[in-house]
Amino acid sequence: MPELAEVEYYRKRWLPAMGQSVERIRLHPEKRIFRGVDSTALARDLTGSTFTAALRHGKQMCFRFGDRHWLGVHLGMTGKLRFASDAIQQAKHDHLVLDMQGGGSMVFSDPRLFGRILYANTAAVVPDWWRDLPPEVLSKEFTQEWMNGFLDRRAGAPIKAVLLMQERFPGIGNWMADEILWRARIHPATRAGRISRVKRRRLYACIREVSEDALAVIGTEWNRPPDDWLFNHRWKDGGQCPKTGGRLRRESIGGRTTCWSPKWQQLRV
DNA sequence: ATTCTTGTTGCATC
DNA sequence: AGATGCAACAAGAA
13 MPELAEVEYY RKRWLPAMGQ SVERIRLHPE KRIFRGVDST ALARDLTGST FTAALRHGKQ
73 MCFRFGDRHW LGVHLGMTGK LRFASDAIQQ AKHDHLVLDM QGGGSMVFSD PRLFGRILYA
133 NTAAVVPDWW RDLPPEVLSK EFTQEWMNGF LDRRAGAPIK AVLLMQERFP GIGNWMADEI
193 LWRARIHPAT RAGRISRVKR RRLYACIREV SEDALAVIGT EWNRPPDDWL FNHRWKDGGQ
253 CPKTGGRLRR ESIGGRTTCW SPKWQQLRV
């Protein structure tokens with residue numbers, strides 16, 4: 013589930029614990045979530061340290077403890093963060109539980125185990141894996157030219173697949189890509205290199221617009237998006253396009269379930 | 001029982 | 001070398 017705005021929503025779920033110190037850590041170190049991580053060091057180092065910062069970049073999160081302990085979190089497909097204000101029992105899918113001095117717990121759960129925890133103990137400004145991240149799509153470094161250059165590099169791939177590439181579009185996921193292409197009136201199977209100048213401008217604007225809208229609606233309280241987005245109509249067969257009233261199509265494009273409005277988004281080859 | 005999945009990675013092939 | 005496409009990962013939901 014988690015794309016840009018959902019990840020932001022989950023990041024905020026941990027903020028109530030900010031400033032508190034970690035009293036005890038409970039984890040399932042054998043799970044795939046911790047692949048490549050020294051979970052013994054993680055548990056030892058974080059115990060007694062204070063939660064000092066909560067960062068997000070695209071779909072990645074980074075939580076700082078003290079001044080040199082860094083916990084990276086990626087939610088994968090089904091990961092969630094929550095803060096439980098009372099003492100909790102560790103459930104089957106609660107792979108990491110930080111019991112805080114205030115009596116509450118920071119919990120990371122993930123039934124499907126596609127998520128990932130990273131850990132770094134370093135006096136550097138940020139850990140290696142938090143350096144050299146691509147510009148956020150809402151930053152001023154994410155320019156029209158920067159986007160166009162990538163479309164030309166990935167000229168042969170369907171634009172749907174290109175928008176999902178985190179190296180250039182951090183935070184965009186399956187539903188956002190469909191929403192963006194629908195608003196920009198671009199067929200998802202269009203080869204990236206074949207998109208006209210005019211459509212590229214429109215695509216760029218829609219990337220920023222959908223990102224802003226998603227953060228505003230989902231990123232803070234996870235409200236239900238309005239019905240004039242594609243969002244509420246895209247999940248199952250038989251949906252109706254809010255623009256044309258016509259029937260939406262669903263098909264796999266770029267290896268992912270894709271929804272579009274055939275009359276509204278025509279494929280020109 | 002079977003098929004589906006809002007993400008990423010590793011590998012085969014071009 | 002770089003781009004592209006697809007299977008695999010794992011478990012719950014429909």
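The opening residue of the first sequence carries number 13 in the working numbering; numbering runs sequentially from there. Glycine included, each C-beta is placed from N, C-alpha and C at the ideal position. Predicted model only: the values in this text are computed from it and were never measured.
CB contact flag (residue i, residue j, <8 Å)
i      : j      : result
Thr202 : Leu279 : yes
Val19  : Arg94  : no
Ala103 : Phe63  : no
Phe243 : Glu191 : yes
Leu83  : Asp122 : no
Ser51  : Gly78  : no
Val149 : Ser223 : yes
Trp234 : Tyr21  : yes
Ile184 : Leu16  : yes
Closest Cα partner of residue i within the set the options
i      : options                        : result
Pro146 : Gly70, Ala29, Gly84, Gly91     : Gly70
Val34  : Gly266, Ile171, Ala17, Leu108  : Leu108
Arg56  : Leu110, Ala96, Asp98, Gly48    : Leu110
Gly293 : Leu130, Gly161, Ala226, Ile37  : Because the chain is modelled from 13 through 281, residue 293 falls outside the range shown and cannot be assessed.
Arg195 : Arg80, Glu42, Gln277           : Gln277
Met89  : Arg236, Pro14, His81, Glu233   : Pro14
Lys275 : Ile129, Lys211, Arg197, Lys248 : Arg197
Ala66  : Gln32, Pro41, Ile45, His40     : Gln32
Bridge partners - residue i, DSSP secondary structure assignment
i      : result
Tyr22  : DSSP, once it has assigned bridges, lists no residue as partnering Tyr22.
Asn133 : His81
Arg94  : Val119
Thr269 : Ser264
Gln72  : His69, His86
Phe63  : Phe77
Gln156 : The partner list for Gln156 (beta bridge, DSSP) is empty, contrary to what the question assumes.
Integer Cβ distance of residue i from residue j, believed to fall under 8 Å
i      : j      : result
Leu163 : Gly127 : The Cβ separation is near 30 Å, so there is no contact.
Cys271 : Arg246 : 4 Å
Residue i: CB within 7 Å of a non-hydrogen atom of the ligand GTP
i      : result
Asp122 : Only the bare structure without any ligand can be found here, which leaves the ligand GTP out of the picture.
Check your understanding: Are the segment 262-277 and the segment 161-181 in contact at 8 Å, needing three or more beta carbon pairs?
Key -> yes
Exercise for review: Would you check if there are 3 or more beta carbon pairs closer than 8 Å linking the segment 247-261 to the segment 214-228?
Suggested key: The segment 247-261 is not in contact with the segment 214-228.
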